[in-house]
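Encoded as structure tokens, the structure appears first; notes follow it.
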Amino acid sequence: LTGEAMAAADPKKQFHTVTFGLGDQHPGCRAARRRLPATGAPYSWYMRVPDLPRFLLHIRPVLERRLAESIAVGHTGELKVSFYRTGLKLAFREGRLETVEPWQPASSEDGDAGFPGLTFLHLLFGHRSTEELRQTYADCGVWSDAASVLLPALFPKKASCVWPLA
Numbered sequence: 001l002t003g004e005a006m007a008a009a010d011p012k013k014q015f016h017t018v019t020f021g022l023g024d025q026h027p028g029c030r031a032a033r034r035r036l037p038a039t040g041a042p043y044s045w046y047m048r049v050p051d052l053p054r055f056l057l058h059i060r061p062v063l064e065r066r067l068a069e070s071i072a073v074g075h076t077g078e079l080k081v082s083f084y085r086t087g088l089k090l091a092f093r094e095g096r097l098e099t100v101e102p103w104q105p106a107s108s109e110d111g112d113a114g115f116p117g118l119t120f121l122h123l124l125f126g127h128r129s130t131e132e133l134r135q136t137y138a139d140c141g142v143w144s145d146a147a148s149v150l151l152p153a154l155f156p157k158k159a160s161c162v163w164p165l166a
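Taking the numbering used here, the leading residue of the sequence shown gets 1, the next gets one more, and so forth.
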């Protein structure tokens, strides 16, 4: 409801609070931080993606644009991301994401990077950087020079304001 609609519904009811849900990186919050009475920490994210290869192929244009705007422009090669029991293999050719397919790591050290459980989703959706994940989860790691360049380029941390759908 708008403020006008709420006032019309009950003209005797007074407003006592105005709340802006802008996120701590919003320019308005950054410009007036000292004048704001209260700010809250970002809410924890609980995310699921039922088919990661399909989702990554769906967002392929965004990933390719990010790669083209990075120092890995024109990259050719594979990026193997281990989830320890399963994993993903992303194949790039001249800066294009050719394929994304399930991959089975042979050992816990196999691959270019490792993210246990659902921690990769925090990187995928820009909630946390690879460094933040490594500091929080001891089992997260980046093991190759290529991954140390590709992962931040493909999945940069982004300020977000998430609203639930259900």
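Ideal Cβ positions, reconstructed from N, Cα and C, are used throughout, including at glycine.
In this text, all values refer to a predicted model and were calculated from it rather than measured experimentally.
{"Asked": "Alpha carbon to alpha carbon, how far is Glu64 from Ser144?", "Found": "20 Å"}
{"Asked": "Starting from Arg60, trace the alpha helix (DSSP H) in both directions and tell me its first and last residue.", "Found": "Arg60 to Ala68"}
{"Asked": "Does the Cβ-Cβ distance between Ala153 and Ala91 come in under 9 Å?", "Found": "no"}
{"Asked": "For Pro61, which residues in the same chain have their Cβ closer than 8 Å to its Cβ, ignoring the five residues on either side in sequence?", "Found": "none"}
{"Asked": "Can you tell me where the beta strand (DSSP E) with Ser148 in it begins and where it stops?", "Found": "Element bounds for Ser148: not the beta strand (DSSP E) but the alpha helix (DSSP H), Asp145 to Leu154."}
{"Asked": "Give me the DSSP bridge partner(s) of Val142.", "Found": "Ala113"}
{"Asked": "Beta carbon of Leu79, beta carbon of Ala146: below 9 Å?", "Found": "yes"}
{"Asked": "Pull the bridge partners of Lys157 from the DSSP assignment, please.", "Found": "Paired residues: none, contrary to the question."}
{"Asked": "Kindly indicate which residue of Arg96, Phe125, Gly3 and Cys140 has the alpha-carbon position closest to the one of Arg48.", "Found": "Phe125"}
{"Asked": "In terms of residues, what are the limits of the alpha helix (DSSP H) holding Thr136?", "Found": "Thr130 to Thr136"}
{"Asked": "State the beta-bridge partners of Ala5 as determined by DSSP.", "Found": "Answer by DSSP bridge pairing: none, since Ala5 is not bridged."}
{"Asked": "Can you name, in chain order, every residue of its own chain whose Cβ lies under 8 Å from the Cβ of Leu133, other than the five neighbours on each side?", "Found": "Phe115, Thr119, His122, Leu123 and Cys140"}
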